[in-house]
Amino acid sequence: MQWKKAAFYQRKGIALLCTLCPHACALTDDGEIGFCQVRRRNGKHIETATFASAVHYLDPIERKPFYHYKPGSKVLTLAAPGCNFRCLYCQNYRLSQFGRTPQALWRAEPVDPDSIVSTARKHNAAIGISYTEPSLAAELTLALAEAGQKKGIELIWKTNGFLSSYAIECLAPYLAAVNIDLKSVDNNKHYALTGAPVKPILESIAAFFEAGVWVEVSTPIIPKINANSVSLRKIAQAIYSVSKDIPWHLIRFTPAFKLQRLPPTPLDVLEKARHIACDVGLQYVYVERALGTKERNTFCPQCHYKLISREIWGMRHNALNHGKCPRCGLIIQGRW
């Protein structure tokens, strides 16, 4: 592991208080590690181990998933190990749960921001941090932004949204788009699933949106936890309260990590969730990992013309005319 001096901390008495996420870990002893397992105290400062990545993947942007941010484009994806959640169903736990489970070993290699930017530019790709929790790589994000802005390379996150308001204020100007996971709006259920309260995630969705970052939301539909009509409607209403134009991705749950005894999400539940979201008033609702490619297509909310056709991972056809429906002229919200 390679440690570098971090930002996002302040002194509080004898402790160094991490200001990156709402866990607000107070590190009092030299060498003490925060909840995320990738930030530690070293004397009078905090260090981060997230100038590293376990993967370097060139992905379709749709895989994150982003459907209203530059459809058909590519993203060079990094994954710095560590997470400030402990999701029971995490599919990437061998990376994200480093320091918490024997199966999660340190596999990352050091990252050079200039080299990453050069590779992204070569492939005409954005840079994304995903698979683990990107907000823990805040310092890497800022370094990538500094290198990327000179060459027109944008940054995106697939994140749990568990950031402090201060961190969002510092980082939002450098992010083009974020896809935020919203597992539940019931705090008890959210805490049981993730080990963290839900209020900061709801605040993050609103804060990033208000800061002008393009926001999409994903929800894994988990049987016996958030797959009932009441829970689904509350999540849809929470998203709608920020904007009806935020795309909502309904993710089919597949058994993983500590929830291997639960069944995959029934297809009729996913269809029900889509109908509930539309009934609440959300304009763009997508179903992932099920129901075929039709439920991944984008339709005009006004005249229902098919605007963007998608395959399992990627775009097949884009009929948008400068961000508008070619049939009725409605402006379709997104970053096209």
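Take the sequence shown: its position 212, counted from the start at 1, is 212 in full-length UniProt numbering, and no numbers get skipped. Ideal Cβ placement from N, Cα and C applies to all residues, glycine included. Keep in mind it's a predicted model, so treat the numbers as computed, not measured.
- For residue 219, the beta-bridge partners assigned by DSSP are 250.
- Of the other Cβ atoms in all chains shown, 16 or more fall within 10 Å of the Cβ of residue 246; this residue is therefore buried.
- When the five nearest sequence neighbours on each side are left out, no beta carbon in the same chain lies closer than 6 angstroms to the beta carbon of residue 101.
- The straight-line gap separating the alpha-carbon atoms of residue 20 and residue 80 is approximately 16 angstroms.
- For residue 273, the three-state secondary structure derived from DSSP is helix.
- Under the three-state reduction of DSSP output, residue 127 falls in the strand class.
- Nearest in C-alpha terms to residue 305, of all of 289, 284 and 224, is 284.
- Pairing residue 313 with residue 113 gives a Cβ-Cβ distance that is not under 8 angstroms.
- If you draw a straight line from the Cα of residue 76 to the Cα of residue 49, it is about 20 angstroms long.
- If you look at residue 145, you'll find it in the alpha helix (DSSP H) that goes 138-149.
- Going by beta carbons, residue 249 and residue 216 fall inside the 8 angstroms limit.
- Taking C-beta separations shorter than 6 angstroms and ignoring five residues to either side along the sequence, the partners of residue 327 in its chain run 303 and 305, following chain order.
- Within the same chain, and ignoring the five residues on either side of residue 311 in sequence, the residues whose Cβ sits closer than 7 angstroms to its Cβ are 293.
- The stretch 248-267 and the stretch 221-228 touch, with no fewer than 3 CB-CB distances between them shorter than 8 angstroms.
- Three or more beta-carbon pairs drawn from the stretch 155-167 and the stretch 117-137 are found closer than 8 angstroms, and the two stretches are therefore classed as touching.
- Under DSSP, residue 15 forms a beta bridge with 12.
- Taking the Cα positions, residue 117 is about 9 angstroms away from residue 145.
- Assigned with DSSP and collapsed to three states, residue 194 falls in helix.
- A distance of 8 angstroms or more separates the beta carbons of residue 85 and residue 139.
- Proximity to residue 175 across 208, 329 and 320 peaks at 208, based on C-alpha coordinates.
- With respect to the 8 angstroms criterion, residue 182 and residue 244 are not classified as neighbours on the basis of their beta carbons.
- Taking a C-beta distance under 8 angstroms as the contact criterion, residue 47 and residue 4 qualify as a contact pair.
- The beta-carbon separation of residue 286 and residue 67, rounded to 6 angstroms, stays under the 8 angstroms limit for a contact.
- Contact check for residue 205 against residue 161 passes: the beta carbons are separated by less than 8 angstroms.
- A direct Cα-Cα distance of roughly 20 angstroms separates residue 143 from residue 211.
- The residue among 187, 92, 105 and 120 with its C-alpha nearest the C-alpha of residue 56 is 120.
- In chain order, 323 and 324 place their CB closer than 7 angstroms to the CB of residue 331, counting only its own chain and leaving out the 5 sequence neighbours on each side.
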